[in-house]
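Beneath this line is the structure, given in structure tokens, with notes to follow.
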Amino acid sequence: MHHFEYRNGVLHAEGVPVPDIARDVGTPFYCYSTATLTRHYQVFSDAFSSMDALICYSVKANSNLAVLKTLARQGSGADIVSEGELQRALMAGMPADKIVFSGVGKTAGEMAYALDVGIHQFNVESEPELYLLSQVAQQKGMTAAVAPRINPDVDARTHKKITTGTQQNKFGLPWESAGAVCQMATDLPGIELVGLDVHIGSQLTDLEPYENAFSRVAELVRELREAGHTIDRVDLGGGLGIPYHPEDAEPPHPDQYAAMIERIIGPLNCEIILEPGRLIAGNAGIMVAEVIYVKTNGDRTFVILDGAMNDLIRPSFYDAYHQIWPVTEPAEDAVSLPIDFVGPVCESADTFAVQRMSPPYQAGDLVAFLSAGAYGAVMSSSYNSRPLIPEVLVDADRFAVTRRRPDFQEMLAGESIPDWL
Ligand code: LLP
26 MHHFEYRNGV LHAEGVPVPD IARDVGTPFY CYSTATLTRH YQVFSDAFSS MDALICYSVK
86 ANSNLAVLKT LARQGSGADI VSEGELQRAL MAGMPADKIV FSGVGKTAGE MAYALDVGIH
146 QFNVESEPEL YLLSQVAQQK GMTAAVAPRI NPDVDARTHK KITTGTQQNK FGLPWESAGA
206 VCQMATDLPG IELVGLDVHI GSQLTDLEPY ENAFSRVAEL VRELREAGHT IDRVDLGGGL
266 GIPYHPEDAE PPHPDQYAAM IERIIGPLNC EIILEPGRLI AGNAGIMVAE VIYVKTNGDR
326 TFVILDGAMN DLIRPSFYDA YHQIWPVTEP AEDAVSLPID FVGPVCESAD TFAVQRMSPP
386 YQAGDLVAFL SAGAYGAVMS SSYNSRPLIP EVLVDADRFA VTRRRPDFQE MLAGESIPDW
446 L
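Each residue of the sequence shown is one higher than the one before, starting from 26 at the first, in my numbering.
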């Protein structure tokens, strides 16, 4: 579900015609819909309303401050993986006691900062990390609330670059060592064991891998409690998928996901933490680009856009499919032809779609990449010295630039030439 649709033959973001934004900010740009973000958050949080659930939006999916503030206003907490994300979440008004810190490589400095601001919990992924956290907390005379992240060794059946819950991945602690690690957490100074954490991957379109993983977690919680440990919280991570392709089967609805969790985790009577990212932001954003040239090589037609792989890397990196819509609605009798949509970056991988059946385009036309709200802007770079593209937030019939395009002077501001040159 999203609020990008044609009205009178022109693509609108909620009540705003997309060409109006293009005229104002130039292309390419990202555009997010407030109504879509809030609706996704509400559907997800309503699904868990009968449970003691804390929703911690996964900031890595889209960390634009205006997006975070929109979600903070809905009551969202945050799942963060760096000091930078923590700063953003706090700046956007997400309360520290609703923030969980994930990630395999937290540094001592990041731990110290997170302790100072009083986050809800650290999801700890290794024994050395647990030792370091103990030292940092002890030096400060503080106690860190810890949930070891357990690797349940289940296959999430998603893209190999975004699966995390098997023993071939760097994530989490081996299942077998859970008891020993919880004991270590109990014994170490400066650490309070509060729960367990699990996250098996992203863009899951099937509940079964979740059910397997969560059943293992429930079993483990029971064993740990029997061994005398206090396990009051279970963090179940994120990963619920969204539809990208118009012919994809609908992924499970948050209500189905929540019902399964209530059945499996509910009887443990603990706080449930959820870390949705893509589900909230994915379909709440589009990337808009302009056609620079249309060229043919033999029998191939290339539409060359001013947006590139550095702006939206998912197609190059994961072979991800994004729907591509012309901003001006094609005539009903327009004949589709196979088109390769590419950017100007000097790499063959700078390709958004190959032989995609599309209506014809000409220079100056605008195109919109759907489902680009999650892992779009956050994964962009300035490769080929292309400036990071602006981000715009729409709310009903108004819009605002929430990150502007830097000029070249700003881009180069941090660089200097050594005096021996
Ligand atoms: N929690 C943890 C510990 C995670 O590692 C992730 C995502 C999430 C929550 C949120 O997962 P989500 O609900 O968004 O699926 N760049 C890739 C996705 C990488 C996901 C990384 N971790 C992509 O564009 O598909």
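We put the CB at the ideal spot given by N, CA and C, even for glycine.
Is the beta carbon of residue i sitting closer than 8 Å to the one on residue j?
{"i": "residue 320", "j": "residue 311", "result": "no"}
{"i": "residue 155", "j": "residue 225", "result": "no"}
{"i": "residue 352", "j": "residue 316", "result": "no"}
{"i": "residue 263", "j": "residue 399", "result": "no"}
{"i": "residue 244", "j": "residue 76", "result": "no"}
{"i": "residue 198", "j": "residue 165", "result": "no"}
{"i": "residue 69", "j": "residue 305", "result": "yes"}
{"i": "residue 196", "j": "residue 176", "result": "yes"}
{"i": "residue 39", "j": "residue 419", "result": "yes"}
{"i": "residue 298", "j": "residue 249", "result": "no"}
{"i": "residue 285", "j": "residue 232", "result": "yes"}
{"i": "residue 206", "j": "residue 221", "result": "no"}
{"i": "residue 364", "j": "residue 341", "result": "no"}
{"i": "residue 93", "j": "residue 78", "result": "no"}
{"i": "residue 309", "j": "residue 65", "result": "yes"}
{"i": "residue 53", "j": "residue 338", "result": "no"}
{"i": "residue 268", "j": "residue 181", "result": "no"}
{"i": "residue 332", "j": "residue 86", "result": "no"}
{"i": "residue 416", "j": "residue 55", "result": "yes"}
To the nearest angstrom, how far is it from the Cα of residue i to the Cα of residue j?
{"i": "residue 252", "j": "residue 208", "result": "9 Å"}
{"i": "residue 125", "j": "residue 97", "result": "14 Å"}
{"i": "residue 422", "j": "residue 57", "result": "13 Å"}
{"i": "residue 121", "j": "residue 390", "result": "45 Å"}
{"i": "residue 406", "j": "residue 295", "result": "41 Å"}
{"i": "residue 115", "j": "residue 103", "result": "9 Å"}
{"i": "residue 172", "j": "residue 110", "result": "19 Å"}
{"i": "residue 344", "j": "residue 167", "result": "45 Å"}
{"i": "residue 370", "j": "residue 236", "result": "42 Å"}
{"i": "residue 441", "j": "residue 433", "result": "14 Å"}
{"i": "residue 151", "j": "residue 258", "result": "19 Å"}
{"i": "residue 157", "j": "residue 246", "result": "25 Å"}
{"i": "residue 101", "j": "residue 61", "result": "15 Å"}
{"i": "residue 130", "j": "residue 378", "result": "34 Å"}
{"i": "residue 334", "j": "residue 214", "result": "47 Å"}
{"i": "residue 388", "j": "residue 29", "result": "23 Å"}
{"i": "residue 427", "j": "residue 323", "result": "42 Å"}
{"i": "residue 266", "j": "residue 239", "result": "17 Å"}
{"i": "residue 300", "j": "residue 91", "result": "19 Å"}
{"i": "residue 439", "j": "residue 409", "result": "17 Å"}
{"i": "residue 230", "j": "residue 278", "result": "10 Å"}
{"i": "residue 359", "j": "residue 386", "result": "11 Å"}
{"i": "residue 256", "j": "residue 46", "result": "50 Å"}
In three-state terms, what does DSSP make of residue i?
{"i": "residue 315", "result": "strand"}
{"i": "residue 436", "result": "helix"}
{"i": "residue 90", "result": "helix"}
{"i": "residue 342", "result": "helix"}
{"i": "residue 273", "result": "coil"}
{"i": "residue 55", "result": "strand"}
{"i": "residue 424", "result": "strand"}
{"i": "residue 207", "result": "helix"}
{"i": "residue 292", "result": "helix"}
{"i": "residue 73", "result": "coil"}
{"i": "residue 82", "result": "strand"}
{"i": "residue 285", "result": "helix"}
{"i": "residue 304", "result": "helix"}
{"i": "residue 418", "result": "strand"}
{"i": "residue 378", "result": "strand"}
{"i": "residue 461", "result": "Missing from the structure shown is residue 461; the chain here goes from 26 to 446 and no further."}
{"i": "residue 265", "result": "strand"}
{"i": "residue 279", "result": "helix"}
{"i": "residue 62", "result": "helix"}
{"i": "residue 402", "result": "helix"}
{"i": "residue 49", "result": "helix"}
Taking DSSP's pairing of strands, which residues face residue i in a bridge?
{"i": "residue 31", "result": "36"}
{"i": "residue 329", "result": "318 and 367"}
{"i": "residue 353", "result": "35"}
{"i": "residue 199", "result": "176"}
{"i": "residue 259", "result": "221 and 297"}
{"i": "residue 383", "result": "362"}
{"i": "residue 42", "result": "37"}
{"i": "residue 394", "result": "312 and 349"}
{"i": "residue 337", "result": "For residue 337, which the question treats as bridged, DSSP gives no partner whatsoever."}
So does residue i have its beta carbon nearer than 7 Å to some heavy atom of ligand 2?
{"i": "residue 96", "result": "In the structure shown, ligand 2 is absent; the only ligands present are ligand 1."}
Quiz item: Can you list the alpha helix (DSSP H) stretches of 4 or more residues lying completely in the segment 210-256, in chain order?
Solution: 233-251
Quiz item: What runs of the alpha helix (DSSP H), each 4 residues or longer, lie entirely inside the segment 95-181?
Solution: 108-116, 133-142 and 152-165
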